[in-house]
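Before any comments, here is the structure.
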Amino acid sequence: MVPQIDLCKDGPRCSRIVHGLWRLADWNKSEAEVQELILGCLERGITTFDHADIYGDYTCESLFGRALVDSGTDRSQIQVVTKCGIKLVSRNRPGHAIKCYDTTAAHIVASAENSLKNLRVDYIDLLLIHRPDPLMDPAQVNEAFVQLKDAGKVRHFGVSNFLPFQFEMLASKLDVPLVTNQIEYSVMHLDAHSDGSLDLCQRLALRPMAWSPMGGGRLFHEDSDRARRLRDILGRIGRRLGGASMDQVALAWLLAHPARLVPVLGTGRLSRIHKAVEALELTLPREEWFEIWCASTGRDVP
Ligand SMILES: NC(=O)c1ccc[n+]([C@@H]2O[C@H](COP(=O)([O-])OP(=O)(O)OC[C@H]3O[C@@H](n4cnc5c(N)ncnc54)[C@H](OP(=O)(O)O)[C@@H]3O)[C@@H](O)[C@H]2O)c1
Numbered sequence: 000m001v002p003q004i005d006l007c008k009d010g011p012r013c014s015r016i017v018h019g020l021w022r023l024a025d026w027n028k029s030e031a032e033v034q035e036l037i038l039g040c041l042e043r044g045i046t047t048f049d050h051a052d053i054y055g056d057y058t059c060e061s062l063f064g065r066a067l068v069d070s071g072t073d074r075s076q077i078q079v080v081t082k083c084g085i086k087l088v089s090r091n092r093p094g095h096a097i098k099c100y101d102t103t104a105a106h107i108v109a110s111a112e113n114s115l116k117n118l119r120v121d122y123i124d125l126l127l128i129h130r131p132d133p134l135m136d137p138a139q140v141n142e143a144f145v146q147l148k149d150a151g152k153v154r155h156f157g158v159s160n161f162l163p164f165q166f167e168m169l170a171s172k173l174d175v176p177l178v179t180n181q182i183e184y185s186v187m188h189l190d191a192h193s194d195g196s197l198d199l200c201q202r203l204a205l206r207p208m209a210w211s212p213m214g215g216g217r218l219f220h221e222d223s224d225r226a227r228r229l230r231d232i233l234g235r236i237g238r239r240l241g242g243a244s245m246d247q248v249a250l251a252w253l254l255a256h257p258a259r260l261v262p263v264l265g266t267g268r269l270s271r272i273h274k275a276v277e278a279l280e281l282t283l284p285r286e287e288w289f290e291i292w293c294a295s296t297g298r299d300v301p
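Everything in the sequence shown is counted per numbering that gives the first Met the number 0, starting at 0 for the first residue and increasing by one.
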């Protein structure tokens, strides 16, 4: 069973593993199957669901919201994370002429209100600015965050894909705390080790959320030296650990980091979600952790 954790002191509670709905529209699931997925996550203790306004060309939040309500799930037993700040050219948003970022107060508030409607909830647990916007005016973001919080529409705020200096600048100008940074992190993507993201979160005692924890699936099918080296070592370590699968070892590697990252799983299959939950029990010894790190970088530690 997946335990509940705090993203930071006074931050939102969420499950130790989060389920991400980016690919929901691609799964071609019936509403009954989406309900089954939601209930299957809840049975295993995964109570936190990650969205963005733009997922599935602006359709995933509604697909999920409908299934959530029809599944009879108690709203207070789940946490909903969503994001804003990217504008896509889409037939669902005829007013958007080019893909761009928008972190004006008006856009953030309108996006959050749309998400509330689509997700069919009366508050969002955690709203993230999806990507750093080169034209971001922190005063505008603050105005939106304070307005949404005062109205009871959003309980907590954070960012995604921010570098440490971008995180610190925004945090220094806000009247509400930033409770997390959702970043890409996996055996296939190690930038957070060297760009300061993990160090900042550890300094501030915030748990980062890790998107694409399986490298977006590239770990399993990519035809590259890196992916091949990783598949080989993950398989060998899995056998050493008594028969753990490659995805379980990859997740145990991520979970072992002292920044205590919260993985956002992207699989649509309950069987794989179940294996991920089992991986919480795996302990990866330090030497095995480094074997995987070396297979990913393609070199020994200096
Ligand atoms: N903040 C951001 O900018 C950002 C960006 C991207 C994603 N996200 C969030 O992170 C979540 C996860 O991202 P993701 O979907 O890229 O995660 P992921 O878990 O790294 O990748 C999921 C993909 O890998 C496949 N997969 C997983 N386990 C597998 C296995 N054992 N063998 C073969 N294939 C496997 C899945 O296929 P099956 O469905 O068939 O299992 C799916 O296509 C998203 O849903 C979203 O919520 C955030």
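Yeah, the Cβ is synthetic: ideal placement off N, Cα and C, and Gly gets one too. Since this is a predicted model, take the numbers as computed values, not measurements.
- The beta strand (DSSP E) runs lying completely inside the region 237-288 and spanning 3 residues or more are 261-264, given in chain order.
- For LYS8, the three-state secondary structure derived from DSSP is coil.
- Around the CB of VAL1, 16 or more other CB atoms lie within 10 Å, so the residue is classed as buried.
- With fewer than 16 other Cβ atoms inside 10 Å of its own Cβ, ILE97 counts as exposed.
- No heavy atom of ligand 1 is found nearer than 7 angstroms to the CB of LEU203.
- Membership of MET208 in the beta strand (DSSP E) is indicated by the continuous run 208-210.
- Nearest in C-alpha terms to SER61, of all of VAL276, ASN91 and THR266, is ASN91.
- In this structure, VAL120 lies near ARG74, with their beta-carbon atoms less than 8 angstroms apart.
- Nearest neighbour of MET187 by Cα position, chosen from VAL108, ALA294, ASP136 and ILE77, turns out to be ALA294.
- Secondary structure at ILE128: strand, using DSSP grouped into helix, strand and coil.
- The alpha carbon of GLN78 has as its nearest neighbour, out of VAL300, ALA226 and ARG12, the alpha carbon of ARG12.
- For the region 104-169, the full-length alpha helix (DSSP H) segments reaching 4 residues or more read 104-118 and 137-149 along the chain.
- Per DSSP, the continuous alpha helix (DSSP H) segment holding GLU60 begins and ends at 59-69.
- Here ASP224 carries a helix assignment [DSSP, helix/strand/coil].
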